[in-house]
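**Q** Counting in my numbering, the sequence shown runs without a single skipped number right up to 427 at its last residue.
A virtual CB, placed ideally from N, CA and C, is assigned to each residue, including glycine.
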Amino acid sequence: MQIFKKLMIISLLSSFHCAIYAEPASTQHRVVAPKCLLKKINATYTTLASSKNLHFIETNDAGIDALIEAKQNQTTPCGGFMDVTHAWENDGKKMNANHNAKSFLAAYETFPKTSLTTSYSIKYPTEVATLLKQSNPPYMWTRLQGLSSYKDRYSRSDNGVKAAQEIKAEVEAMAKNHGRDDVSTYFVTTGSYKQPSVVVKIGTSNQPGVVIGAHIDTLSSTFENKPGADDDGSGTVTVLEVARTLLSSGMHFNKPIYLIWYAAEEVGLVGSQYVVDDFKQKNIPVSAVMQFDMTAYAHKNDLTMWLYDDYTNKELTAYVETLINTYVKTPVKHDKCGYACSDHASWTQKGYNASMPFEASFRTDNPDIHTSRDTMEKLSLAHMTNFAKLGLAFAVELAEPSN
Ligand SMILES: [Zn+2]
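1) Based on the DSSP output, what are the partners of residue 234 in its beta bridges?
2) Where DSSP assigns a beta bridge to residue 93, which residues make up the other side?
3) Under 8 Å, do residue 431 and residue 223 count as touching if we go by C-beta distance?
4) For residue 269, collect the residues of the same chain with a Cβ closer than 8 Å to its Cβ; drop the 5 residues on either side in sequence, then sort them by chain order.
5) Specify, as a first and last residue, the run of the beta strand (DSSP E) that residue 358 falls within.
6) My output table needs one value for residue 217: the three-state DSSP class, helix, strand or coil.
7) When every heavy atom of ligand 1 is checked, does at least one fall within less than 7 Å of the C-beta of residue 239?
8) Is the closest heavy atom of ligand 1 to the C-beta of residue 256 under 7 Å?
9) Select from 178, 149, 293 and 383 the residue whose C-alpha is nearest the C-alpha of residue 316.
10) Kindly list the residues whose CB is nearer than 7 Å to the CB of residue 72, restricted to its own chain and excluding five residues on each side of it in sequence; keep chain order.
11) Could you tell me the alpha carbon to alpha carbon distance between residue 362 and residue 334, rounded to whole angstroms?
12) Return yes when the C-beta of residue 317 is under 7 Å from any heavy atom of ligand 1, and no when it is not.
13) Following the continuous alpha helix (DSSP H) through residue 129, name the residue where it begins and the one where it ends.
14) Using a threshold of 8 Å, state whether the C-beta atoms of residue 185 and residue 218 are closer than that.
15) Just the Cα atoms here: how many angstroms apart are residue 299 and residue 153?
16) Beta carbon of residue 419, beta carbon of residue 195: below 8 Å?
17) Select from 78, 424, 163 and 91 the residue whose C-alpha is nearest the C-alpha of residue 64.
18) With a threshold of 8 Å, are at least 3 pairs of Cβ atoms found where one atom belongs to the stretch 249-258 and the other to the stretch 398-410?
19) So, using beta-carbon positions, are residue 177 and residue 240 closer together than 8 Å?
20) In the DSSP output, what is residue 83 paired with across the bridge?
21) Select from 247, 425, 340 and 75 the residue whose C-alpha is nearest the C-alpha of residue 379.
22) Would you tell me roughly how many angstroms separate the C-alpha atoms of residue 342 and residue 136, rounded to the nearest one?
23) Mind reading off the beta-carbon distance from residue 245 to residue 306? Whole number of angstroms is fine, and I expect it under 8 Å.
24) Cβ of residue 179 within 8 Å of Cβ of residue 56?
25) Please name the residue in 89, 329, 207 and 426 whose C-alpha comes closest to that of residue 277.
26) May I ask you to report which of helix, strand or coil DSSP gives residue 382?
27) Near residue 228, what residues of its chain come up, given a Cβ to Cβ distance below 7 Å and the 5 sequence neighbours on each side ignored?
28) Using CA coordinates, which residue listed in 424, 422, 410 and 288 is at the minimum distance from residue 261?
29) What's the gap between the Cα of residue 47 and the Cα of residue 62?
30) By Cβ distance below 7 Å, which residues in the same chain neighbour residue 375 in space, the five residues on each side in sequence not counted?
31) Thinking C-alpha only, which one of 274, 214 and 238 is nearest residue 204?
32) In this structure, how does DSSP classify residue 363 when only helix, strand and coil are distinguished?
33) With burial defined as no fewer than 16 other Cβ atoms inside 10 Å of the residue's Cβ, what is the status of residue 58: buried or exposed?
34) So what does DSSP say about residue 318, is it helix, strand or coil?
35) From residue 100 to residue 387, what does the alpha carbon distance come to, in whole angstroms?
36) How would you write the range of the beta strand (DSSP E) that residue 174 sits in, first residue to last?
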């Protein structure tokens, strides 16, 4: 419906193109998307290259809206898409003297193998248990109330920027209150999108680090409010709770922990691609990535945690299952969500080991995301707390406590 209304407005405006003002030209986007998703969209695009499962296309803003709609409405796992406009302009030109679309697309179909060999094992049960006792579910609930009271956290809106600034300031205040001088925070900009991603580094070592992330943004509130309580307010506060517990614990680690709140996920994993580029440019080594995108909707009160097996690392996912069995003690099941369904895919595509624990199976996740009905009363604080515990166990075990 949204898309239809928008198309009506654009076509009305363009039919009066000699009126007093002109509708700003729609931005052109380069996108990598699975063929199964493109089959479902009702928008025009030009195919630049094709591979086994993917198309590399050029489209406009209406095409992006149609992809978002198709991603949300799929009933069998097909996946999402990556807006690779920036990568095409940069890596694409660097990689291929003749800017070859086919070889550019090949890097999205098969991933490089990471050079980092890490053995994942359970080594710090005492330290993890100490931190799990300090979990504070009411803090998460209060923070989620704050985040979901924004009209939207859209990546092109001032609200979206404010939400990112608020998260950064909050973690800085936590570090200050607990006298931590080993915490650094910075924004990573997102090209033409206003909203920056927020990166927090705990620890000063340059050894291979642990990344735990969620996305801040929602879709635009042009037609209805977008509280985004579950998608992805839940993941956002799950990571905030990991930050709060780590920083108030006084525990220090041999390896750094990067907590990341990504901008502009909904519009094609744009923020996370900029973040991964930034890590690559600075040569920051990473041993493991965890993505929290929707952690609080428990279908029929089922607190099973679901691990997604596509576009994630097999060994790391098996390790996350061990962490859940050891520390969270809730049932675990596996599912698939298709191509690039959240920010972990930006890491996977560049050869990092990533994992994605999720609130439900593909078919039983929150039916109200991307609408004004994505509100808190449908969410389970117990479910969300379990994900925060998993994040803590993941951080402590892989970053190795030093005291
Ligand atoms: Zn999401």
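**A** Well, looking at it:
1) Position 210 of the sequence shown holds residue 234. Partner(s): 281 and 312.
2) On the sequence shown, residue 93 is found 69 positions in, with the first residue counted as 1. When beta bridges are read from the DSSP output, residue 93 appears opposite no residue.
3) An answer regarding residue 431 cannot be provided, because it is not within the stretch 25 to 427 covered by the chain.
4) In the sequence shown, counting from the first residue as 1, residue 269 sits at position 245. For residue 269, where only same-chain residues beyond five positions count, the Cβ hits under 8 Å are 155, 158, 159, 160, 412 and 416.
5) Counted from its first residue, the sequence shown places residue 358 at position 334. It spans 356-359 - the beta strand (DSSP E) in which residue 358 sits, taken as one unbroken run.
6) Mapped onto the sequence shown, residue 217 falls at position 193. Strand, per DSSP.
7) Your numbering for residue 239 matches position 215 in the sequence shown. Yes, the beta carbon of residue 239 sits closer than 7 Å to at least one heavy atom of ligand 1.
8) Residue mapping note: residue 256 aligns to position 232 of the sequence shown, counting from 1. Residue 256 Cβ: within cutoff of ligand 1.
9) Taking the sequence shown and counting its residues from 1, one reaches residue 316 at position 292. Of 178, 149, 293 and 383, the residue nearest in Cα terms is 383.
10) As a position in the sequence shown, residue 72 is number 48, starting the count at 1. Here the set comprises 80, 81, 82 and 125.
11) Working through the sequence shown from its first residue, we reach residue 362 at position 338. Working through the sequence shown from its first residue, we reach residue 334 at position 310. Cα to Cα, residue 362 sits roughly 7 Å from residue 334.
12) For the purposes of this step, residue 317 is taken as residue 293 along the sequence shown, with counting starting at 1. Yes; taking the cut-off as 7 Å, the Cβ of residue 317 has a heavy atom of ligand 1 nearer than that.
13) The residue labelled residue 129 in the question sits at position 105 within the sequence shown. Run containing residue 129: 125-133, per the alpha helix (DSSP H) assignment.
14) As a first step, residue 185 must be located in the sequence shown, where it is residue number 161. As a first step, residue 218 must be located in the sequence shown, where it is residue number 194. Result yes, Cβ atoms of residue 185 and residue 218 sit closer than 8 Å.
15) The residue you call residue 299 lines up with position 275 of the sequence shown. The residue you call residue 153 lines up with position 129 of the sequence shown. So the two alpha carbons sit approximately 31 Å from each other.
16) Counting from 1 along the sequence shown, the entry for residue 419 is found at position 395. Counting from 1 along the sequence shown, the entry for residue 195 is found at position 171. The answer is no: Cβ separation not under 8 Å.
17) On the sequence shown, residue 64 is found 40 positions in, with the first residue counted as 1. Comparing Cα positions, the closest option is 91.
18) yes
19) Numbered from its first residue, the sequence shown carries residue 177 at position 153. Numbered from its first residue, the sequence shown carries residue 240 at position 216. Closer than 8 Å, so yes.
20) Looking up residue 83 in the sequence shown gives position 59. According to DSSP, which records beta bridges pairwise, residue 83 is partnered with 53 and 69.
21) Mapped onto the sequence shown, residue 379 falls at position 355. Out of 247, 425, 340 and 75, 340 has the C-alpha closest to the C-alpha of residue 379.
22) Translated into positions along the sequence shown, residue 342 becomes position 318. Translated into positions along the sequence shown, residue 136 becomes position 112. One C-alpha to the other measures close to 20 Å.
23) For the purposes of this step, residue 245 is taken as the residue at position 221 of the sequence shown. For the purposes of this step, residue 306 is taken as the residue at position 282 of the sequence shown. With a Cβ gap of about 35 Å, residue 245 and residue 306 do not count as contacting.
24) Here residue 179 refers to the residue found at position 155 when the sequence shown is read from its first residue. Here residue 56 refers to the residue found at position 32 when the sequence shown is read from its first residue. Against a cut-off of 8 Å, the Cβ pair of residue 56 and residue 179 comes out as no contact.
25) Mapped onto the sequence shown, residue 277 falls at position 253. It is 426 whose Cα lies nearest to the Cα of residue 277.
26) Along the sequence shown, read from residue 1 onward, the residue named residue 382 stands at position 358. Reduced to three states, the DSSP call for residue 382 is strand.
27) By 1-based counting over the sequence shown, the position of residue 228 is 204. 206, listed in sequence order.
28) Against the sequence shown, residue 261 aligns to sequence position 237. Looking at the Cα atoms, 410 is the closest of the given residues.
29) Against the sequence shown, residue 47 aligns to sequence position 23. Against the sequence shown, residue 62 aligns to sequence position 38. Here the model assigns residue 47 a pLDDT of 44, short of 50, so the residue's position is not dependable and the matter cannot be decided.
30) For the purposes of this step, residue 375 is taken as the residue at position 351 of the sequence shown. So the qualifying residues of the chain are 135, 136, 137 and 138.
31) Your numbering for residue 204 matches position 180 in the sequence shown. Closest option to residue 204, Cα to Cα, is 274.
32) For the purposes of this step, residue 363 is identified with residue 339 of the sequence shown, where counting begins at 1. Strand.
33) For the purposes of this step, residue 58 is taken as residue 34 along the sequence shown, with counting starting at 1. The residue is buried, with at least 16 neighbouring Cβ atoms inside 10 Å.
34) Here residue 318 corresponds to residue number 294 of the sequence shown, with the count starting at 1. In this structure, residue 318 counts as coil in the three-state DSSP scheme.
35) Within the sequence shown, the letter at position 76 stands for residue 100. Within the sequence shown, the letter at position 363 stands for residue 387. Taking the straight line from one Cα to the other gives about 8 Å.
36) By 1-based counting over the sequence shown, the position of residue 174 is 150. Annotation: residue 174 is outside any beta strand (DSSP E) and is labelled neither H nor E by DSSP.
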